[in-house]
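The sequence shown runs -16 to 353 under my numbering. This report concerns only the one structure given below.
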Amino acid sequence: MVWFDKNFGIWYILPYGKNGRGAKILREQQVIESVLRRFEELLPELTLKAHREIAHRTGVADLVLDVQIGDVSRKLVCEVKGVGEPRYLRSAITQLTEALATYPDASPVIIAPYISREGRKLCRDHQVGYIDLTGNIFLRFNHVLIDKSGEGPPPSVKRKYRRLFTPVASRVIRVMLENPERSWTMMRLSAESEVSAYTVYRVFEWLDERGYIEKARGATSLLKPGYLLDLWAENYDFSVNPSRSYYSLAKGFRAFGRQLKELKLPESQRYALTMHSGASLVAPFVRFSDIHLYFEGDPETIVQALDLRPVESGGQVHILTPYDKGVFYNSRRLQDLTVVCNTQLYLDLINYPARGEEQARFLREQEMPF
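In structure tokens form, the structure reads like this:
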């Protein structure tokens, strides 16, 4: 089967041959053709004087570009990858290091359809340039620096991110972020996150591909919890939690909190504060008036118990139906009130328009180790 990705101008061909090697080479060939065709669009600052593709079997590099900017000329020795995630970029960096023995005066560059943020950092850390077809570009040579950000991940990559942060898969991520120093076997993490071992396996596979985890002696641990939290925050949508707003006769959060402390719920129901009301009990930073809480069960129970009045607008109490029970993982009791874990608190706050980002940053600085 063959299909065309209009975002990159690349034809994709299903694998054939052992380990799909033939398809991999064909895909990388399409990347080369695309970057040469779009070179002036991607890098108007440079003039492409000449290029030379290198036979794949030589193993030296994939492409050599002779470029010029002003009176400065430079040779770029390029390794082309079909996937721009750290797992694949590490091998490219190794290959480029070897290629520099053949081209000692060249600058090493990786070219891919899209290079993730983690991949871009990996390249910079190893002093390797990069060019991707969405416009992420980093080149440094002589006194020249070209540093550009592209349009963001293409739809195909965004879909992959969404699959990682589906309700069930996100339970695994949440558990690992809440225990960043812990190593996990697949079965222990399956039990802790209340998902199948297969789900854990798929999440591990995705995280390994992007360089977020390390495997040693049958156990898996997080390598970059901060990057993973940032990635989740970029792909998290608070509106997935349906919300209803109410007016409370309680004057302020303290008075509301006293009512909440006296609330008697059956075992099948539970709540947890989030947003500013939750953060005020963990790392208070900003003043607030709105109160947000997750509630599992029939909301009429808490509405009647707290004498809340439904309103179309202007309510200061917001009861959220959690998109998944994982939001309650690692909830804690603070001042006799239940608050979601720091990971969930950060996710809910970071994109909240009413000073949520300020509060989220302070929470992370004070209470989160990454």
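Every residue, glycine too, gets a C-beta built ideally from N, C-alpha and C. Please read these numbers as outputs of a predicted model, since none were measured by experiment.
Would you list the one or two residues that DSSP bridges to residue i?
i: W167; result: T203
i: C61; result: L46, V92
i: Q287; result: DSSP output for Q287 lists no bridge partner at all.
i: V322; result: L256, R315
i: I129; result: L122
i: L105; result: L105 pairs with nothing; no bridge assigned.
What separation, rounded to the nearest whole angstrom, lies between the Cα atoms of residue i and residue j?
i: E161; j: N313; result: 8 Å
i: Y184; j: W167; result: 12 Å
i: E177; j: F278; result: 19 Å
i: P352; j: G112; result: 31 Å
i: R70; j: P249; result: 48 Å
i: R195; j: K244; result: The question names Arg, but residue 195 in the sequence shown is Tyr. Taking the straight line joining both Cα atoms gives about 40 Å.
i: I8; j: E164; result: In this prediction, I8 has a pLDDT of 49, which is less than 50 and means its spatial position is unreliable; what the coordinates show is noted afterwards. The alpha-carbon atoms of I8 and E164 are separated by roughly 39 Å.
i: K247; j: L256; result: 16 Å
i: P354; j: M169; result: With the chain covering only -16 through 353, there is no way to say anything about residue 354.
i: D49; j: W215; result: 39 Å
i: I274; j: Q13; result: 53 Å
i: A89; j: V60; result: 6 Å
Use the C-beta contact count for residue i: other C-beta atoms within 10 angstroms, 16 or more gives buried, fewer gives exposed.
i: S153; result: buried
i: L122; result: buried
i: Q342; result: buried
i: R103; result: buried
i: A238; result: exposed
i: L128; result: exposed
i: T149; result: exposed
i: R10; result: buried
i: R20; result: exposed
Within the same chain, show all residues whose beta-carbon is closer than 6 Å to that of residue i, passing over the 5 residues directly before and after it, in chain order.
i: R35; result: V47
i: S272; result: Q299
i: F268; result: Q342, F345
Mind checking whether the beta-carbon of residue i lies closer than 8 Å to any heavy atom of the ligand SAM?
i: L246; result: In the structure shown, the ligand SAM is absent, as is every other ligand, since no ligand is present at all.
Looking only at its own chain, which residues have a Cβ that is under 8 Å from the Cβ of residue i, when we skip the five neighbours before and after it?
i: E340; result: L332, I333, N334
i: L25; result: V18, I114, L116, G118, I120
Which same chain residues end up closer than 7 Å to residue i when comparing Cβ atoms and leaving out the 5 residues on each side of it in sequence?
i: R43; result: In the sequence as presented, Arg is not what sits at residue 43; that position holds Val. Correct list, in chain order: I37, A82, T85.
Original post:
Hey, is the stretch 314 to 325 in contact with the stretch 259 to 278, meaning 3+ C-beta pairs nearer than 8 Å?
Top reply: yes
* How do the stretch 132 to 142 and the stretch 171 to 189 stand: do at least 3 beta-carbon pairs fall below 8 Å, yes or no? -> Judged by Cβ distances under 8 Å, the stretch 132 to 142 makes no contact with the stretch 171 to 189, as fewer than three pairs qualify.
Item to check | Cβ pair count under 8 Å reaching 3, the stretch 184 to 203 against the stretch 328 to 337 | outcome: no
For the stretch 84 to 99 against the stretch 205 to 213, do three or more pairs of beta-carbon atoms, one drawn from each stretch, fall closer than 8 Å, so that the two count as touching?
The stretch 84 to 99 vs the stretch 205 to 213: no contact.
How about the stretch 235 to 252 and the stretch 279 to 286: do they share at least three Cβ pairs that are nearer than 8 Å?
-> yes
request  = Specify whether the stretch 87 to 99 and the stretch 50 to 70 touch according to this definition: at least 3 beta carbon pairs, one from each stretch, less than 8 Å apart.
outcome  = yes
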